[in-house]
Structures are given as structure tokens and as C-alpha cells.
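For the sequence shown, the residue numbers in our numbering are 1278 to 1767.
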Amino acid sequence: MSPTTVDEEKPVRSLIPVRMDRMPWSRFHWLVIFGLGTAWILDGLEVQLVASAGYAETLGMSSTQVGLSSTIYLLGQVSGALIFGRLTDTLGRKKLFIITLLVYLIGSGVAGLSTEVWFLYIFRFVAGMGIGGEYSAINSAIDELIPGKYRGRVDLAINGTYWFGAMLGALGSFYLLDTDRFDQDLGWRIAFFIGPVLGLIIIYLRRHIPESPRWMVTHGQGEAAEKIVADIEADVQAQGKQLPHIDQSEGWWIKAHEGVTPKQLRYVFFKLYPKRTFLGLTLMITQSFLYNAIFFTYSLVLQNFYDKTPSSAALYFFPFAVGNLLGPLILGRFFDTVGRRKMIGGCYTFAAVVLFLSALLFQADVLSAGTHTALWCLSFFFASAGASAGYLTVSEIFPLEVRGQAISYFFSIAQLFGALGPVIFGALIGEGTDRGPLFWGYVMASVIMLFGGLVAFKFGVDAEGKALEDIAPPLSSYDEHGNQLTKLPV
1278 MSPTTVDEEK PVRSLIPVRM DRMPWSRFHW LVIFGLGTAW ILDGLEVQLV
1328 ASAGYAETLG MSSTQVGLSS TIYLLGQVSG ALIFGRLTDT LGRKKLFIIT
1378 LLVYLIGSGV AGLSTEVWFL YIFRFVAGMG IGGEYSAINS AIDELIPGKY
1428 RGRVDLAING TYWFGAMLGA LGSFYLLDTD RFDQDLGWRI AFFIGPVLGL
1478 IIIYLRRHIP ESPRWMVTHG QGEAAEKIVA DIEADVQAQG KQLPHIDQSE
1528 GWWIKAHEGV TPKQLRYVFF KLYPKRTFLG LTLMITQSFL YNAIFFTYSL
1578 VLQNFYDKTP SSAALYFFPF AVGNLLGPLI LGRFFDTVGR RKMIGGCYTF
1628 AAVVLFLSAL LFQADVLSAG THTALWCLSF FFASAGASAG YLTVSEIFPL
1678 EVRGQAISYF FSIAQLFGAL GPVIFGALIG EGTDRGPLFW GYVMASVIML
1728 FGGLVAFKFG VDAEGKALED IAPPLSSYDE HGNQLTKLPV
């Protein structure tokens, strides 16, 4: 195949998007998974380390200050997503998935050296910025490097690994915060270095992952993109696999397009794809509210209504996390076969039904701590798959040129709404003397998830097995007569 170049004056036909989409599975794709599919592990790890509050006594922090450290981390995520999301679309995927990981490494590592509360706050914010930026850069890169027939299951599996990170953080805290093993001022500091140590390994792997050839083609780097794709194809053939035949007529006419203006961005979201914007926001907000509401208060429920101690309540986290981890891993393949619309809608709806059932049984006072946790596990087995598919949906239903920003904006809005969950449910739990308020809280969460499921059934995009360009043509694409497919406002 001849080199693909992009002339700034006229569009040129490129086969790179089709070649990337139909490429046989190879070692390269496993490298992408292990090199990039780690942001969620690090996020889950960080959330658990902050929640363990092992640093509180050393730094003389009150409960309010400990809670504020979590809020600051969340604000860092939102800020990082917004800042790095736009840079992901303008500077490229690779630059940003290296930069954001470095920001996280610095933030988390230095936080472990804190001797003052304000110092901890600053670097928790920095670590949050790195993780928030990871979401945009990583989701964009993964979707553009993974073939369409595998994209759903890969995205879901990677997103679901948040819970592996959370379990790792919980185990690390359990061991390192044990004062029989480590001095009180030492254990939590070591715990804060778990993420950076993993990050150093990850950054080595990422050095070998190329820039997204799809992004390069739309930014006038066609020759370099051609070399990357040719090298990947040569490696695939060296593994004894045959490349599919692709006809020249299947190529996309592309013209270099250096970013979009805020006006054009608004046009894409609210004029060109308003239904997709509504779909993405609904999926992201509903799952974020449910997760934050249940996840950050489950321990209080076990303590106040089932008389569990804080330490024994923590043990119930592991089956809860296992359910969340297994859901995307087991159900992921069906998002590529049964389809996005049916699976996302079904997962949201089933999770809502099980949560509503648990609310009725909770109100009737017929549950134990174990059976209530079992119902949570079942509900979140499906909710976790649906929530992971929310990130997948936002990433694949918008054009390449705004993909990173779409993820960052929707993620940030969802996080802000999700932050209301723990506040509302914490107030409903109260002192644990009346089940009524929390019952209605569970009913509310069920209705919210059911609404998300119905929206998915109605407005979902049947993206399974399709190339990203077929789902949402790049803004820089043209027809064979030189007419731009998407007319953007000046």
C-alpha cells in the first residue's frame, strides 16, 4: 500500500482507518491493553488509599478534613479531565497518556511525603488531575487502536479494572496500616507509593505504544501514520496471521484539520449530535450518582443497620468489589455480539430492578449484612458492565476530533452530579434508627438507573462491530468530489 499523506490544500484518500479497524488480533493489541488499560486500576487504588485515612492521625486531621481530602482529589480529577481532554485532541493521544501518568506519579508520590495538611491537599489535587486526564487520553487511544469487532469487550474489561485497583488498595491499607507491622507514620506513606511504583512499570510499556494513526492522519502526519500501521501489519504477518484484503474504494478522504473552535464544539454536541449528547450525559450521570451513593455509604449502612464494626464492615467490600469486577469481564463480549443498545439498556434496567428489590427487603427488615451485600453484588454485577459501557459510548459516538473533549466534559459533569450521592445518602442513613428515609433513597436510585436504561433503549447507538468512522465520520472527512461531509460553522 502506498504511503498516505495529507495535503493541507486538498483531501487525500486514506486506508489507515479501515486497516486499523480490520486488523487481526495480535501482540500489539495486548500491549495496548496492558500499557494503557491501567488508569482505572490506579484510580481505584487511589480512592481506597484516601478512604483508609491512614494519614489522619499523623497529620492531626479531623473527620471533616479527611472528607475534604477526598473532595480535593475529586476536584483534581475534574480539573485534569477538562484541561488534558482538550490537549488530547490537539496535541495527540501519546503525548497526553505519557504526561498525565507523570502528573499522577508526581502527585501521589509526593503526597506520601506530606508533613502538613495543606501539603497533602495540594498533591492529592495533582494526583487527581493526572487520573482525570488519563480518562480522556486513554479511552481515546484505546478505541482508535483496537479493531471494531473487539472494542466493546476490551473497553468494558479495562474500565472494570477500577475494582481490581480498589481491592489492591484495600489489601495494601489492611497490611500497611497494621501498627503491629509498620510504624503508624510509616505504613500510610508506603501505601502512597504503591501507585507510583506501578506507574513506573506502566510508563515503560507506554513508551512502546505509538500515537494513534487515525489522529495523525487528521493532523497532517499521514506519512508517519503509514509507517506505524505498516510496522504493526508486518508484526501481525510475522505471527503467521493474514491481513484482510482492503479495496482502495474503502478509503476515507481526509484533509488535515487542526482542532475545533468552541463554537464548532457546541455545534457538534448540540446541533449535529443532540440525541447522542443526551444519551452520553444520561448514562454517565446516572451511573455516577448510583455508584457514589452506594459505594461511599455501604459501610455506614452495615454499621448503623446491621451492627457491624468499621473493621468488619470493611470485609464486605471484597465481595462487593468482586461483583463489580466480574460484571464487565463476563458480560463484555455480549456488547459486541448482542449489541450496545440491548446490553446497556438491559444492564441498567436489571441493576435497577435488583436494587429496588433490595430496598423492599431492607424496609421489611428481612435482610442480614450478608444477604444485603449479596444483593448489592448482583445489582452491581450488571451496573458495573453498564457503567463501563457509558465510557465506551461517549468515546465512540462522537467524531475523532472531539473525542477526548467529549469524554472529559461528560466525565466532569457526571462526577459533579455523582458527588451529590454520598451527601444525600449520608443524610438519609442518619443514626440508623429509621429505615424509611434510606428505603426511599434506594427507590430514588432505582428510578434513576431505570431512566438511564430506558434512555439507552430509546437513543442507544448500534455501534457494535462498526468502525469508529462509520459511527461518527471525522470532521475532517470529505466525499470523493471534495465536499466536506460535516459542515462546521466558521
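We put the beta carbon where it would ideally sit given N, CA and C, even for glycine.
The model shown is predicted, which means the values in this text are computed figures rather than measured ones.
The beta strand (DSSP E) spanning residue i covers which residue range?
{"i": "Ser1391", "result": "Taken as a continuous stretch (DSSP letters only), Ser1391 belongs to no beta strand (DSSP E), as it is neither H nor E."}
{"i": "Ile1674", "result": "First-last for Ile1674: undefined, no H or E at that position."}
{"i": "Pro1291", "result": "Just to set this straight, residue 1291 is Ser in the shown sequence, not Pro. That run of the beta strand (DSSP E) goes Val1289 to Ser1291."}
{"i": "Trp1529", "result": "Trp1529 to Ile1531"}
When the Cα of residue i is compared with those of the options, which residue comes out closest?
{"i": "Leu1378", "options": "Ile1415, Ala1388 and Tyr1350", "result": "Ile1415"}
{"i": "Val1474", "options": "Ile1383, Arg1304, Tyr1575 and Glu1678", "result": "Ile1383"}
{"i": "Val1599", "options": "Phe1546, Leu1669, Trp1653 and Val1309", "result": "Trp1653"}
{"i": "Leu1637", "options": "Tyr1668, Met1721, Ser1665 and Tyr1398", "result": "Met1721"}
{"i": "Met1406", "options": "Ala1418, Leu1359 and Asp1366", "result": "Leu1359"}
{"i": "Tyr1350", "options": "Ser1565, Ala1388 and Ser1754", "result": "Ala1388"}
{"i": "Tyr1481", "options": "Phe1374, Thr1367, Val1700 and Thr1365", "result": "Phe1374"}
{"i": "Ile1531", "options": "Val1671, Trp1307, Glu1746 and Leu1390", "result": "Glu1746"}
{"i": "Ser1391", "options": "Ile1376, Tyr1583, Tyr1332 and Gly1409", "result": "Tyr1332"}
{"i": "Val1643", "options": "Ile1318, Phe1582, Tyr1625 and Leu1606", "result": "Phe1582"}
{"i": "Trp1465", "options": "Leu1364, Thr1335 and Met1297", "result": "Thr1335"}
{"i": "Gly1557", "options": "Ser1689, Gln1514 and Gly1713", "result": "Ser1689"}
{"i": "Tyr1593", "options": "Leu1577, Gly1353, Gly1730 and Leu1606", "result": "Leu1577"}
{"i": "Val1309", "options": "Phe1361, Gly1357, Leu1345 and Arg1370", "result": "Arg1370"}
{"i": "Gly1449", "options": "Val1324, Pro1714 and Val1732", "result": "Val1324"}
Quick check on residue i: buried or exposed, where buried means 16 or more other Cβ atoms within 10 Å of its Cβ?
{"i": "Asn1436", "result": "buried"}
{"i": "Val1283", "result": "Since pLDDT at Val1283 reaches only 41, below the 50 mark, its modelled position is unreliable, and no value is offered."}
{"i": "Trp1395", "result": "exposed"}
{"i": "Thr1648", "result": "exposed"}
{"i": "Trp1717", "result": "exposed"}
{"i": "Glu1708", "result": "exposed"}
{"i": "Pro1487", "result": "buried"}
{"i": "His1758", "result": "exposed"}
{"i": "Ser1753", "result": "buried"}
{"i": "Ala1447", "result": "buried"}
{"i": "Asp1711", "result": "exposed"}
{"i": "Trp1307", "result": "exposed"}
{"i": "Ser1565", "result": "buried"}
{"i": "Leu1579", "result": "buried"}
Quick check: what's the CA-CA separation for residue i versus residue j?
{"i": "Asp1320", "j": "Ser1385", "result": "11 Å"}
{"i": "Phe1657", "j": "Lys1619", "result": "17 Å"}
{"i": "Tyr1686", "j": "Ala1696", "result": "16 Å"}
{"i": "Met1278", "j": "Asp1508", "result": "Below a pLDDT of 50, predicted positions are generally treated as unreliable, and Met1278, at 42, falls in that range; the measurement from the model is reported next regardless. When rounded, the distance between both Cα atoms is 12 Å."}
{"i": "Glu1500", "j": "Val1506", "result": "10 Å"}
{"i": "Ala1502", "j": "Arg1491", "result": "8 Å"}
{"i": "Tyr1311", "j": "Ile1478", "result": "According to the sequence as given, residue 1311 is Phe; it is not Tyr. Approximately 10 Å between the Cα atoms of the pair."}
{"i": "Leu1542", "j": "Val1767", "result": "11 Å"}
{"i": "Ile1748", "j": "Ile1674", "result": "6 Å"}
{"i": "Gln1516", "j": "Phe1305", "result": "11 Å"}
{"i": "Leu1634", "j": "Ala1641", "result": "11 Å"}
{"i": "Val1295", "j": "Ser1723", "result": "41 Å"}
{"i": "Val1630", "j": "Gly1536", "result": "43 Å"}
{"i": "Val1545", "j": "Gln1682", "result": "11 Å"}
{"i": "Phe1555", "j": "Thr1670", "result": "12 Å"}
{"i": "Tyr1452", "j": "Leu1677", "result": "44 Å"}
{"i": "Asn1601", "j": "Gly1698", "result": "18 Å"}
{"i": "Pro1280", "j": "Lys1504", "result": "Unreliable placement is indicated for Pro1280, whose pLDDT of 42 sits below 50; the coordinate value is still reported in the next sentence. The alpha-carbon atoms of Pro1280 and Lys1504 are separated by roughly 8 Å."}
{"i": "Lys1518", "j": "Gln1461", "result": "55 Å"}
{"i": "Arg1363", "j": "Thr1559", "result": "22 Å"}
Residue i: beta carbon under 7 Å from a heavy atom of the ligand FMN?
{"i": "Ala1404", "result": "Absent from the structure shown: the ligand FMN. Ligands present: none."}
Just curious, the alpha helix (DSSP H) that residue i is in, first and last residue?
{"i": "Asn1601", "result": "Phe1594 to Thr1614"}
{"i": "Ala1576", "result": "According to the sequence as given, residue 1576 is Ser; it is not Ala. Per DSSP, Ser1576 belongs to the alpha helix (DSSP H) from Tyr1575 to Tyr1583."}
{"i": "Gln1564", "result": "Pro1551 to Phe1572"}
{"i": "Asp1747", "result": "Leu1745 to Ile1748"}
{"i": "His1306", "result": "Arg1304 to Leu1313"}
Please check if any C-beta of chain D sits within less than 8 Å of the C-beta of residue i.
{"i": "His1306", "result": "Absent here is chain D; the protein component of the structure consists of one chain."}
* To do: Kindly provide the ranges of any alpha helix (DSSP H) runs that are 4 or more residues long and lie completely inside the stretch 1332–1417, ordered along the chain.
  => Here the runs fully enclosed are 1333–1336, 1340–1368 and 1370–1388.
* Within the stretch 1630–1713, ranges of the alpha helix (DSSP H) (whole runs, at least 4 residues) -> DSSP runs (the alpha helix (DSSP H)) wholly in the stretch 1630–1713: 1646–1673, 1680–1695 and 1697–1706.
* To do: For the stretch 1493–1549, list the beta strand (DSSP E) runs that are entirely contained and at least 3 residues long, ordered along the chain.
  => If we require 3 residues or more, the beta strand (DSSP E) runs fully inside the stretch 1493–1549 come out as 1529–1531.
* Every unbroken alpha helix (DSSP H) inside the stretch 1422–1494 [4 residues or more] -> DSSP runs (the alpha helix (DSSP H)) wholly in the stretch 1422–1494: 1428–1437, 1439–1453, 1461–1469 and 1471–1483.
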